[in-house]
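Chemist: Numbering (the numbering used here), first residue to last: 1134 to 1182.
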Amino acid sequence: MLFFFLAPLQIFAVEFFKGSYSEALQKCKKENKLLFLDFTAVWCGPCHQ
1134 MLFFFLAPLQ IFAVEFFKGS YSEALQKCKK ENKLLFLDFT AVWCGPCHQ
């Protein structure tokens, strides 16, 4: 029973893209999707905790 309840959650899975910003932007425009950026910096202490 639990399987049938959790199965629809796969629809909301995040698909990570490896490539340049330009390539990601092109893909988003082509697929009419939003672009989510996740970035960090070596000097950002809280980013690495």
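No residue lacks a Cβ here, since even glycine has one placed at the ideal position from N, Cα and C. Note that this is a predicted model, so its numbers are computed, not measured.
(1) In three-state terms, what does DSSP make of ALA1146?
(2) Hey, would you say CYS1161 sits closer than 8 angstroms to LEU1168, going by beta carbons?
(3) Is the distance from the Cβ of PHE1149 to the Cβ of ALA1157 below 8 angstroms?
(4) Between the alpha carbons of CYS1180 and ALA1146, how many angstroms are there, rounded?
Modeler: Concretely, from the data shown:
(1) coil
(2) yes
(3) no
(4) 23 angstroms
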